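Residue numbers (this note's numbering): 8 to 305.
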Amino acid sequence: MKTAAPKMTTSRFKAGMTGWLFISIAVIMIVAFYFYPMIQALILSFKTGTGSNLTFNGIDNYKRLFTDSMFITAVKNTFIYLIFQVPLMVILALFISVLLNDKNLKFKGFFRTAIFLPCITSLVAYSVVFKYLFSADGLVNSLLLNLHVIGTPIQWITDPFWAKVTIIIAITWRWTGYNMIFYLSGLQNIDNSIYEAARIDGASSIRQFFSITVPLLKPIILFTSITSTIGTLQLFDEIMNITKGGPGNATSSISQYIYNLSFKYSSDFGYAATVSYSIVIMIIILSIIQFKVAGEKK
8 MKTAAPKMTT
18 SRFKAGMTGW
28 LFISIAVIMI
38 VAFYFYPMIQ
48 ALILSFKTGT
58 GSNLTFNGID
68 NYKRLFTDSM
78 FITAVKNTFI
88 YLIFQVPLMV
98 ILALFISVLL
108 NDKNLKFKGF
118 FRTAIFLPCI
128 TSLVAYSVVF
138 KYLFSADGLV
148 NSLLLNLHVI
158 GTPIQWITDP
168 FWAKVTIIIA
178 ITWRWTGYNM
188 IFYLSGLQNI
198 DNSIYEAARI
208 DGASSIRQFF
218 SITVPLLKPI
228 ILFTSITSTI
238 GTLQLFDEIM
248 NITKGGPGNA
258 TSSISQYIYN
268 LSFKYSSDFG
278 YAATVSYSIV
288 IMIIILSIIQ
298 FKVAGEKK
C-alpha cells in the first residue's frame, strides 16, 4: 500500500499534464488574441492623441463621454433598438418555436430550416439586400402601394423614424431564427406528460403556455435575452450598410461611432477604446438587471 501511493501520484500528474498539453494551444491562442487585446484596450482608454503620439491623460476620456453629444446620440439610438427589438425578437422566437414544436405540424423540418437560414447569411449581403428592398422605389413600397396600404412611398432609409424601423426589422429578421433554435431545444426536453396532466385538469393551451412552457424555459429566455442585448449593443453592420448612420446621425450606433473615431475622424484610438469599454460597462449593468428581474443567482 505504501509503495503504490507514489505511483498513483505520478499517474495523476501525468494525466494532468496530458490534459494541459491538449488544451495548451487553445489557452495560448485565447490569451494572445482575446485577453491581451482586452487589457491593451483598457490601458489605451486612459490615453489620448493621434497615431502613435499617445499620452496618458487619466480618466479624462471617461469624463468626456458625459459631454460628448455624438456619443450620447449613439447611446440613445442603440437603446431604442434594444428596447424595441430585443423583446420583439424574443417573443417572436418563442411563439414560432411553440408552433414548430407541434407534433401534428407537417413539413416542420422545412419551416425550421427556412426560419433559421437568415442567421447564417452574410451580414453585409443581407444588409445590402434590405437597403434595396426598403428604398423609396423598392419592393416593399411597391407592394404596399399596390395593396393600397399607403398612398405615397415611405422614406424607409431617409426618414429618421422609418430608418430606425428598418434597422429593427432587419435585425429581427436575421436573429429570430437563431433564438428559435434554443427554444426548440428546450421545448423538446420538457416531458410531454406534464402537458397531458395539464390537459386532463382542463388547462387551455394559453394557460399551459404561461404556466408550464414559459417557467420551464426561463433559463433559456434569460440566456437569449442577455445574448441579444449584447449583440444589439454591438450593432454595426446593419447601420453601416443600410443607413450609414443617417439621415444625419439618426440611426448611428455606439459601434459605428467607435469605427468613426478610429478610422473616419482624426484616429483618436484612445477615446475609441474608452467608448468600447462603455459598452462593456453597459453589458455588465444590463446583465445584472436581467438576472435580478429573472430571479436567477449569478
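Don't be surprised by glycine CBs; every beta carbon is placed ideally from N, CA and C. These numbers come from a predicted model, not from an experiment.
Just checking my contact of F53 with N64 at CB under 8 Å: how many whole Å lie between their CB atoms? So it is a contact: roughly 7 Å between Cβ atoms.
On a CA-only basis, which of I178, S294, Y278, S134 is nearest L306? Give me that one, please. The requested residue 306 does not occur in the structure, where the chain is confined to residues 8 to 305.
Verify whether the separation of the beta carbon atoms of D144 and P254 is less than 9 Å. Result no, Cβ atoms of D144 and P254 do not sit closer than 9 Å.
If I measure Cβ to Cβ from Q215 and keep anything under 7 Å in the same chain, skipping five residues before and after, which residues do I get? The answer, listed in chain order, is Y202, A205.
Proximal residues to E245 (C-beta, below 7 Å), its chain only, five neighbours per side dropped: Answer for E245: S134, I174, A177, I178, listed in chain order.
With distance defined between alpha-carbon atoms, name the residue in S129, V105, A132, V131 nearest to R119. Checked all of S129, V105, A132, V131; the closest Cα to R119 is V105.
Local conformation of G65 per DSSP, three classes: G65 falls in the coil class under three-state DSSP.
Measuring alpha carbon to alpha carbon, tell me which of I288, M289, Y284, I292 ends up nearest P44. For P44, the nearest C-alpha among the options comes from Y284.
Can you round the beta-carbon distance between Y266 and V282 to whole angstroms, since I take them to be within the 8 Å contact cut? Here Y266 is actually not in contact with V282; their C-beta atoms are around 10 Å apart, not less than 8 Å.
Buried versus exposed, by CB contacts within 10 Å (16 or more), S262: Under the 10 Å beta carbon count, S262 is surrounded by 16 or more other beta carbons and is classified as buried.
DSSP three-state label for N108, please. Reduced to three states, the DSSP call for N108 is coil.
Out of D275, F298, Q241, which one is the CA nearest neighbour of S259? In terms of Cα proximity to S259, the closest of D275, F298, Q241 is Q241.
For A12 and A22, I'd like the C-alpha separation in whole angstroms. With a pLDDT of 49 at A12, under the threshold of 50, the modelled position of this residue cannot be trusted; read the value that follows with caution. Approximately 15 Å, taken between the alpha carbons.
With 16 other CB atoms within 10 Å as the buried threshold, where does R181 fall? Under a 10 Å Cβ-count criterion, R181 is classified as buried, with 16 or more other Cβ atoms of the shown protein chains found around its own Cβ.
For G145, does the three-state DSSP call read helix, strand or coil? Look at G145 here: in three-state DSSP terms it is coil, with no helix or strand label.
At which residue ranges does the segment 164-221 contain complete beta strand (DSSP E) runs of 3 or more residues, listed in the order of the chain? Within the segment 164-221, no complete beta strand (DSSP E) run reaches 3 residues.
Just checking my contact of Y190 with L101 at CB under 8 Å: how many whole Å lie between their CB atoms? Taking a contact as a CB-CB distance under 8 Å, the pair Y190 and L101 counts as one, their CB atoms being some 5 Å apart.
Contact belief for V147 with S235 at Cβ below 8 Å, rounded distance in angstroms: By a beta-carbon distance limit of 8 Å, V147 does not contact S235. Their separation comes to about 24 Å.
Neighbourhood of K9 by C-beta distance below 8 Å, restricted to the same chain and skipping five residues each side: For K9, the predicted model reports a pLDDT of 49, less than 50, meaning its position is unreliable and no value from the coordinates is stated.
Tell me which residues share the same chain as G252 and place their Cβ nearer than 7 Å to its Cβ, disregarding the 5 neighbours each side in the sequence. For G252, where only same-chain residues beyond five positions count, the Cβ hits under 7 Å are I246, T258, S259, Q263.
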